Amino acid sequence: MELLMAIGVGALTTAGVYLVLRAHSFAVIVGLTLLSYAVNLFVFASGGLKVGAPPRIAPGAAEYAEPLAQALVLTAIVISFAMTALVVALALRARLETGDDRTEPDLGAEDT
Amino acid sequence: MNHWPILPVLLPALTAGLLALANPRPSLARAVSLASSALLLGLAVKLLLMAADGEQRVYALGDWPPPFGIVLVLDRLSALMIALTALLALTCLAYASTGADREGPFFHALFQFQLMGLMGAFLTGDLFNLFVFFEVLLIASYGLLLLGASPARLRAGLHYVVINLLGSSLFLIAVALLYALTGTLNFADLAVKVAALAGAERMLAQSAALLLLAVFALKAALFPLLLWLPGAYAAASAPVAALFAIMTKVGVYAILRVHLTVFPPAAGILEPGLTRWVVPAALLTAAVGALGALASDRLAATVAWLTVMSAGTALAVAGLASAQAVSAALFYVLHSTLATAALFLLAGSIAAQRGAAGDRLQRAPRMAQHWRLGALFLFAAAAFVGVPPLSGFVVKVMLLQASFGGLPGAAIWAVLLGTTLLALLALTRAGITLFWSARRATVPLAGNATALATGAIVVLLAVLAGLSALGGPIKAATDAAAAQLSAPRSYIDKVLRTPGRI
Numbered sequence: 241m242e243l244l245m246a247i248g249v250g251a252l253t254t255a256g257v258y259l260v261l262r263a264h265s266f267a268v269i270v271g272l273t274l275l276s277y278a279v280n281l282f283v284f285a286s287g288g289l290k291v292g293a294p295p296r297i298a299p300g301a302a303e304y305a306e307p308l309a310q311a312l313v314l315t316a317i318v319i320s321f322a323m324t325a326l327v328v329a330l331a332l333r334a335r336l337e338t339g340d341d342r343t344e345p346d347l348g349a350e351d352t
Numbered sequence: 003m004n005h006w007p008i009l010p011v012l013l014p015a016l017t018a019g020l021l022a023l024a025n026p027r028p029s030l031a032r033a034v035s036l037a038s039s040a041l042l043l044g045l046a047v048k049l050l051l052m053a054a055d056g057e058q059r060v061y062a063l064g065d066w067p068p069p070f071g072i073v074l075v076l077d078r079l080s081a082l083m084i085a086l087t088a089l090l091a092l093t094c095l096a097y098a099s100t101g102a103d104r105e106g107p108f109f110h111a112l113f114q115f116q117l118m119g120l121m122g123a124f125l126t127g128d129l130f131n132l133f134v135f136f137e138v139l140l141i142a143s144y145g146l147l148l149l150g151a152s153p154a155r156l157r158a159g160l161h162y163v164v165i166n167l168l169g170s171s172l173f174l175i176a177v178a179l180l181y182a183l184t185g186t187l188n189f190a191d192l193a194v195k196v197a198a199l200a201g202a203e204r205m206l207a208q209s210a211a212l213l214l215l216a217v218f219a220l221k222a223a224l225f226p227l228l229l230w231l232p233g234a235y236a237a238a239s240a241p242v243a244a245l246f247a248i249m250t251k252v253g254v255y256a257i258l259r260v261h262l263t264v265f266p267p268a269a270g271i272l273e274p275g276l277t278r279w280v281v282p283a284a285l286l287t288a289a290v291g292a293l294g295a296l297a298s299d300r301l302a303a304t305v306a307w308l309t310v311m312s313a314g315t316a317l318a319v320a321g322l323a324s325a326q327a328v329s330a331a332l333f334y335v336l337h338s339t340l341a342t343a344a345l346f347l348l349a350g351s352i353a354a355q356r357g358a359a360g361d362r363l364q365r366a367p368r369m370a371q372h373w374r375l376g377a378l379f380l381f382a383a384a385a386f387v388g389v390p391p392l393s394g395f396v397v398k399v400m401l402l403q404a405s406f407g408g409l410p411g412a413a414i415w416a417v418l419l420g421t422t423l424l425a426l427l428a429l430t431r432a433g434i435t436l437f438w439s440a441r442r443a444t445v446p447l448a449g450n451a452t453a454l455a456t457g458a459i460v461v462l463l464a465v466l467a468g469l470s471a472l473g474g475p476i477k478a479a480t481d482a483a484a485a486q487l488s489a490p491r492s493y494i495d496k497v498l499r500t501p502g503r504i
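Sequences listed follow chains X and F, in order. All you need for the numbering used here is the position in the first sequence, starting with 1, plus 240. All you need for the numbering used here is the position in the second sequence, starting with 1, plus 2.
Below you can see the structure in the form of structure tokens.
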């Protein structure tokens, strides 16, 4: 499971970084979303990966999953969700006001 | 328990919540926001006096003993930064009350949320809460930046949001790494546990420390992570840009707090040392900032580049990590924050009185308040650059003294003196274009040219003069704060021995 998680985080980060470096705001937003998924999985894994273990005191439990990492990742998810919503609204507004979704208006201006 | 340390976070939080939910009419919102900021300034002075006895005050939320609960820690450094922020906030708000707060809805709620994030970031004793407060202040700053969205502001805003989201991702990765290694995120507990790591775990802690340095460098606009700043700050409205003058200093503060307390130079986590990482980048920042100021074609952009330059200068000296250097850097933070804020506000007033030309550095009709703004600009520029006997001169002597000796010292001297000359040239050129090459015709007085707007700038400049006049006591205060910061043992003991109930 550790291997699967590591590959997942790595693949998401790779795709996220590639997309963030694109010049259109839509690709950048998808890239940011993928990056925040990768980061959330990484934060979640920082508590150690255990299957079927309760995160709080339970009768007869032999081992426990780390509850604090889960609490941290919950906070991180809320923040990244809100930020994605904001950046989508912002990009839409910029697209409507300026007529294109390029992040840098001067680049390639001659071909329009 | 002493409840004072949490009040600077609670007061703006409650005011912001009230303003956002009740959404009162603009004049009432303005009055509430101003009253709350004035109260905050009083509170900040009270905390400053309280912290002056040299004892750290630890506030355990919910009475959970650290490291299990969340703590806020009030020490000399945080009290100093809080006082600076509160003073800056009140003057920016007073200036905004002359019209900028009507550009969009919820200006005052966003402003108070921003203050809450700033206060929390300066007070928190916990890495995850530092992240949360960073997010609070960033989210509020996105809103403030985008108020009255013009296309230029939208484009700059998109860049600003995206680069800060990337910074947040890096921050979380570093937090998760440290949590996986040590099982704690409390600064004091982290410092103890990180120092005890060995082998591969120590190297992971080192990468976490470097990731955090990169994140804070992004906030402080350190080279090469600085290009987001000038566009965003120059596009913001004047009082918002002036408030943002403190935001790069939050990055400086976070580097000082985390990399002197959690990864102190003595522990040797950050190979090959804070100085080697920070000083070269900071010197390049200062140089690029000064060149950018010289190349700008708008006054607000010039001041934004000077903000970059000032963050670089502060970190170049603070990066030496000696108590004397940190003290001089803290004094410079006080000075440069207020000076750049005053220049941002002036740029706003000047732009409002030059008709279509705005604050672009080109020939334009004469301003209605030609003499008044000219005198203020002369004073602010002289104070920023450091014409004796103003505060810029005093603090630059301190910076030069603190960095004397060795190769880093020689580099700092060269860059500090060179960038000061470039800043002087940039401001002189701006002043000549704005005030001396004006056409005869006068633009009629715009709405926001009230005594309050001038008053806000005058207060900032008066405090700058005060920094110079009361240089002795203020230097004693920054000396004490730097000494406290350079000896993290007492901070760690104080936090970890805080009693609580489980």
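Just so you know, even glycine gets a beta-carbon here, dropped at the ideal spot from N, CA and C. Just so you know, these numbers come straight off a predicted model, no measurement behind them.
- From the beta-carbon of F/LEU174, the residues of chain X found nearer than 7 angstroms are VAL279, VAL283 and ALA316.
- Residue state for F/PRO367 is assigned as strand, using DSSP reduced to three classes.
- At the C-beta level, F/LEU140 and F/GLY159 stay beyond 8 angstroms of one another.
- When the alpha-carbon of F/SER143 is set against those of F/GLY169, F/LEU76, F/PHE70 and F/ALA234, the nearest one is in F/ALA234.
- Below the 7 angstroms Cβ cutoff, chain F contributes LEU167 as neighbours of X/MET323, in chain order.
- The distance from the Cβ of F/ALA18 to that of F/PHE130 is about 22 angstroms, inconsistent with a contact at the 8 angstroms cut-off.
- Cβ-Cβ distances below 8 angstroms link X/VAL291 to MET241 in the same chain, with the five nearest sequence neighbours on each side left out; the list follows chain order.
- Assignment of alpha helix (DSSP H) within the region 255-315 of chain X, counting only whole runs of 4 or more residues, yields 265-285 in chain order.
- Distance from the CA atom of F/ARG278 to the CA atom of F/VAL328, rounded to whole angstroms, is 16 angstroms.
- Annotated three-state conformation of F/ALA62 is strand, per DSSP.
- Within the region 244-295 of chain F, the runs of alpha helix (DSSP H) that reach at least 4 residues and sit entirely inside it are, in chain order, 249-259.
- Spanning the alpha carbons of F/ASP481 and F/ALA325 requires a straight line of approximately 7 angstroms.
- The contact set of X/ILE297 on chain F, defined by CB atoms closer than 8 angstroms, is empty, because the minimum CB distance reaches about 14 angstroms.
- Looking at F/VAL305, F/PRO10 and F/SER239, the one whose alpha-carbon comes closest to that of F/ARG431 is F/VAL305.
- Straight-line spacing of the CA atoms in F/ALA244 and X/THR273 works out to 32 angstroms.
- By DSSP's assignment, X/ARG342 forms a beta bridge with X/HIS264.
- Membership of F/LEU74 in the beta strand (DSSP E) is indicated by the continuous run 73-76.
- In this structure, DSSP gives F/ASN188 an extended state, which the three-state scheme calls strand.
- When Cβ-Cβ separations below 8 angstroms define contact, F/SER171 makes contact with chain X.
- With respect to chain F, the C-beta atom of X/THR254 has no partner C-beta closer than 8 angstroms.
- By alpha-carbon distance to F/ALA453, the top candidate from F/PRO26, F/ALA33, F/THR100 and F/LEU43 is F/THR100.
- Taking a Cβ-Cβ cut-off of 8 angstroms, F/GLY233 has no neighbours in chain X, whose nearest Cβ is about 11 angstroms from it.
- The count of Cβ pairs closer than 8 angstroms, one atom from the region 193-213 of chain F and one from the region 79-86 of chain F, stays below three, leaving the stretches out of contact.
- The region 417-436 of chain F makes contact with the region 287-298 of chain F; the number of CB pairs closer than 8 angstroms reaches 3 or more.
- Contact residues of the region 114-144 of chain F toward chain X are PHE130, VAL134, GLU137, ILE141 and TYR144 (C-beta to C-beta distance below 8 angstroms).
- Shown here for F/ALA123: same chain residues with a beta carbon closer than 8 angstroms to its own, the five before and five after excluded, namely LEU132, PHE135, PHE136, LEU139, VAL252, TYR255 and ALA256 in chain order.
- The beta-carbon of F/TYR97 is placed no less than 8 angstroms from the nearest beta-carbon of chain X.
- C-alpha of F/ILE459 to C-alpha of F/SER351: approximately 10 angstroms in a straight line.
- Contact check between the region 50-65 of chain F and the region 486-498 of chain F: three or more CB pairs, one atom from each, fall below 8 angstroms, which counts as touching.
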